[in-house]
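Below is one structure; the comments refer to it alone.
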Amino acid sequence: MKILEIENLSHRFGDGTFGNQEIDLSVRREEFVVIAGPNGSGKTTLLRHLNGLLMPHVGTVRIAGIPVADDLRRARQMVGMVFQDPDTQIIGETVYDDVAFGPENLKLNRKEIERRVEDALSETGLSAFAARRPHLLSGGEKRRLAIAGMLAMKAEIAVFDEPFSNLDYPGVRQVLSAILALHRAGKTILLTTHDLEKVIAHADRLVLMAEGRIVSDGPPETVMAETERFGVRQPCTFRNGGRIESWLS
Amino acid sequence: MAELNFGYLPGDSFFHRLDARVKLIGLILISIATLHARMAPLLLLQGTALLPLFRIGLSPVKILRELRYFFVLLFFVFAARSLSTPGEALFSFMGISPTLEGTLMGLLVSCRLLLIALAGMLLMATTRTWEIKAAVSRLLAPVPFIPHARIGVMIGLTLRFIPIILHQVRQTQDAQRARGIETRGFFYRLTRLMIPLMRRTLKDADSMAIAMEARCYAEERTDPQLNAEKRDWAALAGAISICGFVILL
Ligand SMILES: Nc1ncnc2c1ncn2[C@@H]1O[C@H](COP(=O)(O)OP(=O)(O)O)[C@@H](O)[C@H]1O
Ligand SMILES: [Mg+2]
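Protein sequences appear in the order of chains A and B. The first sequence begins at 39 in the numbering used here and counts up by one. The second sequence begins at 148 in the numbering used here and counts up by one.
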């Protein structure tokens, strides 16, 4: 069974514009999928359907076999999401409280919450920041905080919306290695970007979007040949016929 | 949001550790007591409220800055009192003649409000939103026919938004100063502040609601532990006796 199945999904906003049209996408467990497309191509809209923040106008989304609409709570626990602007994602007043927010909503007992929060903080290297105010963290640390939040929920699918925007080089490397650690731990990764260079070396699959539709889907090496046609910059090394190197090497 | 004001300041002071219910009751008691307090005990209490504020790292300058809008309000209250209370005129200038009785009364009322503001600031700086939520709903739980959980959530969220709104005020002001708005009149600046402020605040509120939903937010959640220990009962007894004194004095 696929962990994520999207069938014939279309979403129309209140003002009549289509955010997504006729999307079909299934992702197997532990796959690393990069979704690329220019601004306004419908990437964020698509991601928001995975945990029921948006509901499709037509079509269904299933997480491990069960439609999102049938069990929102389950979908939100299983799909962890890191938003494009990490500042808008901070809820707790300390780093610790922010990570605890999800497990508290699941009504877990205090002991279990403490265990999960401490584990999540140490896995993301944020233990030393537990008592800090999250708004004072750096961009890379804020995204790691969001990752800790999804670890504490025991999410299976980790969704990242443009995780590298507004990050400096060390920030990109921090976030990238945190994402790869999630992948190694067996999570399924979905990541959107309009900048392939930083991440494509690690992806199993590349999906291209334009004007709300999926226009290409396959192994990165094949799909990359078409990116420029749809407004996504080809990594230089690829254009020059070389192998793409990881930003971590 | 580097300088989050009027919000929670992580720490481990006496007031941080105090049960949120005790702090809330204390604030209510002080607010009631000040209505009957005279000048000397008021000043004494203000001093007492300032000490813990200094201790948790708020400098006098910071406190003044946080309260600057409040001082505008206080000025109007003071002016209204001193001008509208009948009595012996202090002086007369262009038809404006404040009275001695009015001026004293105005000072007293301003000091009362200031004390409540300082006590409120102490509560906000040392208590997490979710603790306040838990305290409100636990205190209201024995009252029949009241949706205590919902009221707790509403109060908690309202408080949570105050720092966000103040942050937006500052951002908007900075953006406008950068474009030289200081040369314009007060009312022009005020209207120019309010419109973007409303827009940004609503957008922030919306993002935060989405982030909370994405992490399974529910009214019924694991609340922070509130356990009243000896220390808390002692503090409550202290607050009651101080307030009793203030009223009787
Ligand atoms: N709330 C909304 N109301 C109306 N149109 C929207 C809304 N959100 C996004 N859109 C439109 O939907 C399209 C896809 O947007 P989005 O999914 O944010 O793209 P991306 O994330 O790829 O940049 C854009 O044309 C955008 O203008
Ligand atoms: Mg987007």
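Glycine included, each C-beta is placed from N, C-alpha and C at the ideal position.
Assigned secondary structure, A:Glu259 (DSSP; H/G/I helix, E/B strand, else coil): helix
Contacting residues, own chain, Cβ-Cβ under 7 Å from B:Leu151 (five flanking each side not counted): Because B:Leu151 carries a pLDDT of 48, less than 50, the predicted location of this residue cannot be relied on, and the following value inherits that uncertainty. Correct list, in chain order: Pro310, His314.
DSSP-derived helix/strand/coil call for B:Ala236: strand
7 Å Cβ cut-off: residues of chain A touching B:Gln372: Arg148
Reduced DSSP secondary structure (H/G/I, E/B, other) of A:Asp233: strand
Selection of the stretch 211-229 of chain A by Cβ proximity to chain B, strictly under 9 Å: Near chain B, meaning a CB-to-CB distance below 9 Å, no residue of the stretch 211-229 of chain A qualifies.
Stretch pair the stretch 160-168 of chain B + the stretch 224-237 of chain B: three plus CB contacts closer than 8 Å: no
Sheet register partners of A:His49 (DSSP bridge): A:Asn58
Whole-number beta carbon distance between A:Val197 and A:Gly103, since they are thought to touch under 8 Å: Distance from A:Gly103 to A:Val197 at the Cβ level is roughly 18 Å; contact not present, criterion being Cβ atoms closer than 8 Å.
9 Å Cβ cutoff, A:Phe51 in contact with chain B: Under the Cβ criterion of 9 Å, A:Phe51 is not counted among the residues facing chain B.
Same chain, Cβ closer than 7 Å to A:Ile151, neighbours up to 5 away in sequence not counted: Correct list, in chain order: Ala138, Pro141, Glu142.
Opening and closing residue of the alpha helix (DSSP H) in which A:Val197 lies: No alpha helix (DSSP H) contains A:Val197, which is instead part of the beta strand (DSSP E) from 195-199.
Residue range of the unbroken beta strand (DSSP E) whose run includes A:Ala248: 243-248
Interface residues of chain A facing B:Arg362 [CB-CB closer than 8 Å]: Arg114, Ile129, Phe139, Gly140, Asn143, Gly187, Met191
Rounded C-alpha distance that separates A:His221 from B:Tyr155: Straight-line measurement puts the Cα of B:Tyr155 at about 35 Å from the Cα of A:His221.
The alpha helix (DSSP H) enclosing A:Met116, as first and last residue numbers: 110-116
CB contact below 9 Å: B:Arg202 versus chain A: Not an interface residue.
Assigned secondary structure, A:Arg179 (DSSP; H/G/I helix, E/B strand, else coil): Arg is not the amino acid found at residue 179 of chain A; the sequence shown has Glu there. Under the three-state reduction of DSSP, A:Glu179 is assigned to helix.
Neighbouring residues, chain B, relative to A:Met119 (Cβ below 8 Å): Ala361
Identity of the residue in A:Ala184, A:Phe56, A:Thr55 nearest A:Gln122 by Cα: A:Ala184
Buried versus exposed, by CB contacts within 10 Å (16 or more), B:Arg185: The Cβ neighbour count for B:Arg185, taken over all protein chains shown within 10 Å, is under 16; the residue is labelled exposed.
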